[in-house]
Amino acid sequence: MQGRPPSRDDLLAKVARIAPILDRTAAESAQRRTLCDEALNAFHATGLFGLWGPTEVGGYDVDLVTQVDVLVEVARADMSACWTLMIGNTVTAVMASGLPDEGLAEVFRGERLPIAAGSLRPAGRAEAVAGGYRVSGEWGFGSGIHHASWIVANCLLAEDGEPKEPVEGISLAIPIAEVDVADDWHAAGLSGTGSSSYSVTDVFVPQRRAIRARKRGSFQSANPGPRLPIEHASVSLGGARRMLDEVARLAESKQRLMDPATVASKESFQLELGALEARWATSVAGVRQCAADLWQAMQSAHPLGHSAARLRAVCAQAVEESLAISGRAFRHAGASAVHESDMLQRVYRDLAVAAQHVMVSDAAYVEFG
1 MQGRPPSRDD
11 LLAKVARIAP
21 ILDRTAAESA
31 QRRTLCDEAL
41 NAFHATGLFG
51 LWGPTEVGGY
61 DVDLVTQVDV
71 LVEVARADMS
81 ACWTLMIGNT
91 VTAVMASGLP
101 DEGLAEVFRG
111 ERLPIAAGSL
121 RPAGRAEAVA
131 GGYRVSGEWG
141 FGSGIHHASW
151 IVANCLLAED
161 GEPKEPVEGI
171 SLAIPIAEVD
181 VADDWHAAGL
191 SGTGSSSYSV
201 TDVFVPQRRA
211 IRARKRGSFQ
221 SANPGPRLPI
231 EHASVSLGGA
241 RRMLDEVARL
251 AESKQRLMDP
261 ATVASKESFQ
271 LELGALEARW
281 ATSVAGVRQC
291 AADLWQAMQS
301 AHPLGHSAAR
311 LRAVCAQAVE
321 ESLAISGRAF
331 RHAGASAVHE
341 SDMLQRVYRD
351 LAVAAQHVMV
361 SDAAYVEFG
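Per my numbering, the very first residue in the sequence shown carries number 1; after that it's consecutive.
Here it is, written out as structure tokens:
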């Protein structure tokens, strides 16, 4: 378990130490279609899978603005690694926050924090039986599931295999040994996240592993839903940051055909780079402000109300801007960036796939409008 929660600067120093590992192993993770062991061990060694877990189980439970800053820096090294870290933290924190004491003792019994995977979609059916539930279901997009020890299965309570009326949901912790994981993650981007489909069939889950009232850590303060767009935006902003850094570096030596001047020396490039940097900084500031507002609301137990819609829209726009910024940066990289071995094309594809997530879809604008 973790020790005394570190400060923001301590956490960013941890990220700086492992960033070269994440960068160096990014291509391997993409090829394996799941986070490689060296990157996974780096996260464990620094305790970063406990970023927003409750302190009662050894997590850091850091504030949301710090979470933004950490995720941006991790994604700057490798978006797939950051996505895996984000999902693992969120699902594990939900599990730690809401398990009964007996279930918590069972799941969080080792020296190292467990990792959980899970999907938001309530695609399972849980039927009450003596002592617990019988669960069956199939879920997609189980990011990080290949190194998870538990899943959180979001289900609808059922009778005779059909959802009860009125509809009622329940989340249940199931050990990975009882889960069938498909080998079906072949994606255009975020290839290293291992976001495979998974299923359970007539698995018994004891009552002690039913996740209901959240009572530990910051996840007890409010519905965790508004946190999710902030997390997604942070990952995309980190990827866009990497694109800008790499294109600026590349431009120092890159020359166009029949032109002896470097791209960096061109006023047109300087103008656009400055504009892209300003757009990135504006997006980061907006997401950090959303994080600060939500954290304050959580601490005071005041509901966000319409501000929740604004938060999601701001984060959706940050993801959209990250992809647009990176598209312009990718164009300035020229033909060398199109090769599969080139880091820029991998990050650009990661950003495109990240932008498809429902948490930061156009529905956010409709909700806010």
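We put the beta carbon where it would ideally sit given N, CA and C, even for glycine.
Source: prediction; values computed, not measured.
Counting only the same chain and skipping the five closest in sequence on each side, list residues whose C-beta sits under 8 Å from that of residue i.
i      : result
Val338 : Gln345
Ala188 : Arg349, Ala352 and Val353
Glu73  : Leu12, Val15, Ala16, Ala19 and Gly238
Ala45  : Ile18
Do the CB positions of residue i and residue j come within less than 8 Å of each other?
i      : j      : result
His186 : Thr34  : no
Thr262 : Glu252 : yes
Ala313 : Val65  : no
Leu190 : Ser361 : no
Leu237 : Val287 : yes
Arg212 : Gly98  : yes
Leu104 : Val62  : no
Leu250 : Ala333 : yes
Phe49  : Leu71  : no
Trp150 : Pro175 : yes
Ile230 : Trp280 : no
Ala318 : Ala233 : yes
Phe204 : Gly132 : yes
Ser371 : Gly59  : Outside the shown range of the chain, which is 1 to 369, sits residue 371, and nothing can be said about it.
Glu367 : Arg208 : no
Gly192 : Ala26  : yes
Leu276 : Arg328 : yes
Leu113 : Pro226 : no
Does residue i come out as helix, strand or coil in the three-state DSSP assignment?
i      : result
Val15  : helix
Thr92  : helix
Gln356 : coil
Glu246 : helix
Trp139 : strand
Glu252 : coil
Arg235 : Looking at the sequence provided, one finds Val at residue 235 rather than Arg. Note: Val235 maps to helix in three-state DSSP.
Pro226 : coil
Arg32  : helix
Go through its chain and collect everything with a Cβ distance to residue i's Cβ below 7 Å, but skip five positions before and after it.
i      : result
Pro122 : Asn154, Cys155, Leu156 and Gly169
Gly369 : none
Lys381 : The requested residue 381 is not part of the displayed model; the chain covers only 1 to 369.
Ser119 : Trp139, Gly140, Phe141, Gly142 and Asn154
Keeping to the same chain, check which residues put their C-beta closer than 6 Å to that of residue i; ignore five residues upstream and five downstream.
i      : result
Val181 : Ile145, Ser196 and Tyr198
Gly124 : Val135, Gly137, Ala153 and Cys155
Ala364 : Arg312, Ala313 and Ala316
Leu228 : Met359
Glu28  : Cys36
Is it right to say residue i is buried, meaning 16 or more other beta carbons lie within 10 angstroms of its own, or is it exposed?
i      : result
Ala210 : buried
Gln67  : buried
Ile115 : buried
Pro20  : exposed
Asp101 : exposed
Arg331 : exposed
Asn89  : buried
Leu294 : buried
Ser322 : buried
Asp78  : buried
Pro54  : buried
Arg256 : exposed
Ala240 : buried
Pro260 : exposed
Val129 : exposed
Glu267 : exposed
Glu340 : exposed
Ser171 : buried
Return the first residue and the last residue of the beta strand (DSSP E) that residue i is part of.
i      : result
Arg288 : No beta strand (DSSP E) contains Arg288, which is instead part of the alpha helix (DSSP H) from Glu267 to Ser300.
Ser341 : Element bounds for Ser341: n/a, residue is neither H nor E.
Leu156 : Trp150 to Glu159
Thr201 : Ser196 to Pro206
Val129 : Gly124 to Val129
Leu172 : Gly169 to Pro175
Gly118 : Ala116 to Gly118
For the alpha helix (DSSP H) containing residue i, list its first residue and its last residue.
i      : result
Leu40  : Asp37 to Thr46
Glu102 : Asp101 to Val107
Gln67  : Leu64 to Ala77
Ile325 : Ser307 to Ala333
Tyr365 : Ala363 to Phe368
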